[in-house]
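**Q** Going down the list, the protein sequences come from chains V and C. Going by my numbering, the first sequence opens with residue 16, and the numbers climb by one from there. Going by my numbering, the second sequence opens with residue 768, and the numbers climb by one from there. Using N, Cα and C, we set each Cβ at its ideal position, and we do this for glycine too. The structure is given below, and queries will be raised subsequently.
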Amino acid sequence: MPSDCRSRYRRNFLLQALLLPLTLLACAAGVSNQPEPAAAAAASPIATMSSVDLGNGQRLFRVHCARCHGMQGNGGEGPSLRRAQLKHASDDESLFTVINEGIRGTGMPGTWAPNDDELWQIAGYVRSLGALPKQAMPGDPGAGALVYARSGCATCHISNGQGRGVGPELTEVGLRRNAEYLRRSLTNPDADAPMSSNQITGHINAFLTVRVVAADGEYEGLRIAEDDFSVQMRDISGAIRSFDKSKLLRYEKAFGHSLMPGYETTLSTTDADDLVSYLMNLKGTQ
Amino acid sequence: MNKPAHTDRLFFLIHHPTLLRILLLSALTAGAGTALAAASFEALLADEANGADWLSYSGGYRSERFSPLTQINPATVADLKVIWAYQMQPTDMPGAGLQETTPLVAGEVMYLSESPSSVTALDVHSGRLLWHFAPDISEEVLHIGFPKVNRGVALLNDTVFIATLDARLFALDAGTGAVRWQTSVADNAVGFSLTLAPLVVKNLVIIGMSGAEAGVRAFIDAYDAETGKRVWRTYTVPAPGEPGSESWQGDSWQTGGGSTWLTGSYDPDLDLLYWTTGNPAPDWNGDLRPGDNLFTCSLLALDPATGRLRWHFQYTPHDTHDWDANQIPVLIDGNVEGRARKLVALANRNAFYYLVDRENGEFVHASPYSRQTWAAGIDDTGRPILLPDKEPSEEGTLVWPSLQGATNWFSPSYNPDTGQFFVANRRMGAVYYKADAEYEPGTPFLGGGEQALSGDEAAGAIVALNAFNGEQQWEFVLQSPPWSGVMATAGGLVFGSSNEGYFFALNAASGEPLWRFNTGAHIRTNPMGFAVDGNQRVAITGGQTLFVFGLQ
């Protein structure tokens, strides 16, 4: 199968050549915004996909994928695909393979009918779901690094191996979040409810604030895991705690309440612009 | 009060004449080392009362999934522990590996299926592998609308039957796994597939098809257990001129769906076979198939010798939400409104619990057992009273339950001693979309899709109902909508599982959790029970591992 795929993959370069004028138009119109194409992606048909291809990819996605991943790709029984980094598809060729063959030991089946061109169109559409439009930085990322250090962000976030892991790791946050989202996270952390997916629970609130009243005291933290009988949280000091739900006096999921403080009044406009720029620049370790 | 089907269940019910004879025969032949006799038809008839074995998918023809054993009970369950575990065989098949099997136990041997369509025989004492059969299935096999799963095998005499993903039926020697015969049931290239455990009735192996999401016209088949020759085929969607054909327009019947992908039940006194059917095709765009679309989303009563349809009851006419009626039809006897009745109880994917008279198909009762927003109720004829604006639409329509339903294929359980019906319940809504659908053989024929509500807005539960009026007695809430069934026991327990990996025992009287074990992986199977040397056993598969539990 893999060698067969590659041979068919090569045939797509002919198709690419034919579609090139369309592709240029599409890029100019901002339709295709593959973030930071890696070396492998440079040779991928997705890099030069037209809006017609992506439209067809969306149509095929709704037939083949939406049953589990949702009509908008937001996730359901299967994970959300609105993310730049997909766990089982680090590059476009592996995305093609996952769509074609499925993922062993999971509910993800291979896709049944499409030919290779159609599989690439689905892959292109899936990539477009997670793509972030290229944006100009509002400030100076170098200065933003100083703001990051000065504001104590590392007290709760790990970036490039440094800091304490309470909230989301920020090492690759520039791949996942745009300037608008990052600014909102700084000024109004309650505004967004990030979601995560896994095979067991499907699509759930990530970093959900939970509060418990146990016999020995009250605790607040970010939910790590929860099941029928127990809940595990990470508190603001980074300590991990596990509770037997049947022994709790009270258990509350605080939807819409982030443990992160808002920096709307503590950061100047320039500092906020610089910090957003610094975060936009965080794209993983090389 | 209900009239219990069988009371006074002892640990080994050797007062049962048929079973006594079987046990004596086993004792006589076991020492002599003669041929293995897995399960005669007489033994299948006595399966419900036989606590030592578990000879068919639902533990007997009434499909109660009830263990008559009492050794494990509320007073002893705290001591339940793993006796042995078995890790499923690795497979090179991409996308395979979700395990949904219910093992069978006949004497000293356990028979189970593994994804995608393999069969394994284990020693019940130790869990050691006796043999493994893996049919050669192409990686190109179509399984449109479901993962590469198999839900179990069937037994008759010294033969094991497995229905495969590529739509073949195999008969294997129970002692060695050698193929006795195989037959091609239908064309996988147009979307026909098999995932269910077959049902053996007399000398016939009865199977149903998957494939409505590919727009097949589904059927139920019966094969001669000795020869593999097909004896009858009954289509679930009538051809023009046949009864029910008035509920289809034009050629829509040819791609009408009505899959039959879950094991049925059998009443030996009435000599009637009960089988359920799935959604019409395409799933979410009903414009292409105006009418009630008989006999989709229905319960069928068939003559097992000929496959002739005696009567039908349609739960969801002209379904547009993929609410298959492919749930286990449980045969129960008792009083409803002062009248003794033989009934089929079914907790439907559409969120209503139904009772239908199993002699004539007459509608008896329906009541919601889970949140639903699509019907004002069920009328006196059993037809849903539809609420407006609940159809899938281009912009999306929010409806409870989700397309996976208020329950799904995983089994309910019925305790005939207490008249309780237990069901694993999915509490989840979804936004339903409608889209165009064009039929092309061997491709998805769906006409839309859904966006299910996210995890924290969804939940699950194990629910106990009074089987004769549908009233809820208790619920045990689950973190997420489950994909695993339940088994009640005469010891007063209900065993169930969760996505988060727990296998647990609830007090059947109250729903109180009494015992739990974290299997470490999601559970998508049904529990079952048996006994070894007088010791009660309970089995469940979590992830790739089958666990067998006991007190000692």
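Taking contact to mean at least 3 C-beta pairs separated by less than 8 Å, is the stretch 277-292 of chain V in contact with the stretch 217-237 of chain V?
**A** No, the stretch 277-292 of chain V is not in contact with the stretch 217-237 of chain V.
**Q** How far does the alpha helix (DSSP H) with Glu875 of chain C in it extend, from its first residue to its last?
**A** Glu875 of chain C -> no alpha helix (DSSP H), and no H or E assigned at all.
**Q** Could you give the C-beta distance for Leu297 of chain V and Leu185 of chain V, rounded to a whole number, given that I count them as a contact under 8 Å?
**A** 6 Å between Cβ atoms; contact.
**Q** If you measure from the beta carbon of Asp243 of chain V to each beta carbon in chain C, is any gap under 8 Å?
**A** Judged by the 8 Å Cβ criterion, Asp243 of chain V is in contact with chain C.
**Q** I believe Met86 of chain V touches Gly1216 of chain C by the beta-carbon criterion, under 8 Å. Please report the beta-carbon distance rounded to the nearest angstrom.
**A** Confirmed, Cβ separation roughly 5 Å.
**Q** For His79 of chain V, which three-state DSSP category applies?
**A** If DSSP states are grouped into helix, strand and coil, His79 of chain V belongs with the helices.
**Q** Can you find a C-beta in chain C that's less than 8 Å from the C-beta of Val78 of chain V?
**A** Interface residue, yes.
**Q** Taking only three categories from DSSP, how would you classify Pro156 of chain V?
**A** If DSSP states are grouped into helix, strand and coil, Pro156 of chain V belongs with the helices.
**Q** Mapping the DSSP letters down to three states, classify Thr1308 of chain C as helix, strand or coil.
**A** Strand at Thr1308 of chain C.
**Q** Shorter than 8 Å from the beta carbon of Arg82 of chain V to some beta carbon of chain C?
**A** Output row for Arg82 of chain V: interface = yes.
**Q** Please look up how many angstroms separate the CB atoms of Val844 of chain C and Ala1272 of chain C, rounded, as I've assumed it's under 8 Å.
**A** Confirmed, Cβ separation roughly 5 Å.
**Q** My parser needs the alpha helix (DSSP H) runs of 4 or more residues fully inside the stretch 178-263 of chain V; what are they?
**A** For the stretch 178-263 of chain V, whole alpha helix (DSSP H) runs of length 4 or above, ordered along the chain, are 188-191 and 194-202.
**Q** Could you tell me if Gln1218 of chain C is buried or exposed, where buried requires 16 or more neighbouring beta carbons within 10 angstroms of its beta carbon?
**A** Result: buried.
**Q** For chain C, check one thing: does any of its Cβ atoms lie closer than 8 Å to the Cβ of Pro124 of chain V?
**A** Chain C contact via Cβ: present.
**Q** First and last residue of the alpha helix (DSSP H) that includes Trp135 of chain V?
**A** Asp131 to Gly145 is the extent of the alpha helix (DSSP H) around Trp135 of chain V.
**Q** For Gly1317 of chain C and Leu836 of chain C, I'd like the C-alpha separation in whole angstroms.
**A** One C-alpha to the other measures close to 12 Å.
**Q** Between Asn840 of chain C and the rest of its own chain, which residues show a CB-CB distance below 8 Å, the 5 nearest in sequence each way excluded?
**A** Around Asn840 of chain C: Thr1256, Gly1258, Gly1259 and Leu1260.
**Q** Tell me the DSSP secondary structure of Ile748 of chain C in three-state form.
**A** A question about residue 748 of chain C goes unanswered here, because the residues of chain C that appear run from 768 up to 1319.
**Q** Thinking C-alpha only, which one of C:Phe1297, C:Phe1314 and C:Thr1148 is nearest Gln1081 of chain C?
**A** The shortest Cα separation from Gln1081 of chain C among C:Phe1297, C:Phe1314 and C:Thr1148 belongs to C:Thr1148.
**Q** Going by the DSSP bridge assignment, what does Lys268 of chain V pair with across the sheet?
**A** V:Val225.
**Q** With DSSP run on the structure shown, which of helix, strand or coil describes Leu294 of chain V?
**A** Three-state DSSP puts Leu294 of chain V in a helix.
**Q** Identify whether Asn1233 of chain C lies in helix, strand or coil by the three-state DSSP scheme.
**A** If DSSP states are grouped into helix, strand and coil, Asn1233 of chain C belongs with the strands.
**Q** Report yes if the C-beta of Arg1193 of chain C is less than 7 Å from at least one heavy atom of the ligand PLP; otherwise report no.
**A** Looking at this structure, you won't find the ligand PLP or any other ligand, since it has none at all.
**Q** I'd like to know whether the C-beta of Arg1283 of chain C is nearer than 8 Å to at least one C-beta of chain V.
**A** For Arg1283 of chain C, the answer is yes, since a Cβ of chain V falls inside 8 Å of its Cβ.
**Q** Out of V:Ala287, V:Lys102 and V:Ser166, point me to the one whose CA is closest to Glu195 of chain V's CA.
**A** When only C-alpha atoms are compared, the closest one is V:Ala287.
**Q** Is the distance from the Cβ of Pro1047 of chain C to the Cβ of Asp1086 of chain C below 8 Å?
**A** Against a cut-off of 8 Å, the Cβ pair of Asp1086 of chain C and Pro1047 of chain C comes out as a contact.
**Q** Can you name the residues that DSSP bridges to His1132 of chain C?
**A** Its beta-bridge partners are C:Leu1122.
**Q** For Glu867 of chain C, collect the residues of the same chain with a Cβ closer than 6 Å to its Cβ; drop the 5 residues on either side in sequence, then sort them by chain order.
**A** Excluding positions up to five away in sequence, the list reads Val916, Arg918, Arg1291 and Thr1292.
**Q** Anything in the stretch 1261-1278 of chain C with a Cβ closer than 8 Å to a Cβ of chain V? List those residues in chain order, please.
**A** Answer in chain order: Ser1265, Asn1266, Glu1267, Gly1268, Tyr1269 and Phe1271.
**Q** Cutting at 6 Å between CB atoms, please list the residues of its own chain near Gly88 of chain V, excluding the five before and the five after it.
**A** Answer for Gly88 of chain V: Leu96, Arg97 and Leu144, listed in chain order.
**Q** Spell out the partners DSSP gives Ile1099 of chain C in its beta bridges.
**A** Bridge partners of Ile1099 of chain C: C:Leu1110.
**Q** Consult DSSP for Ile61 of chain V and reduce its assignment to one of helix, strand or coil.
**A** Three-state result, Ile61 of chain V: helix.
**Q** Which of the three DSSP states is assigned to His5 of chain V in this structure?
**A** Nothing about residue 5 of chain V can be read from this structure; chain V reaches only from 16 to 301.
**Q** Measure from the C-beta of Gly157 of chain V to each C-beta in chain C and report whether the shortest distance is under 8 Å.
**A** Closer than 8 Å: no.
**Q** Are Val957 of chain C and Val983 of chain C touching if we call contact CB-CB under 8 Å?
**A** Closer than 8 Å, so yes.
**Q** Does His1079 of chain C have its Cβ less than 8 Å from a Cβ in chain V?
**A** False, the Cβ-Cβ gap to chain V never drops below 8 Å.
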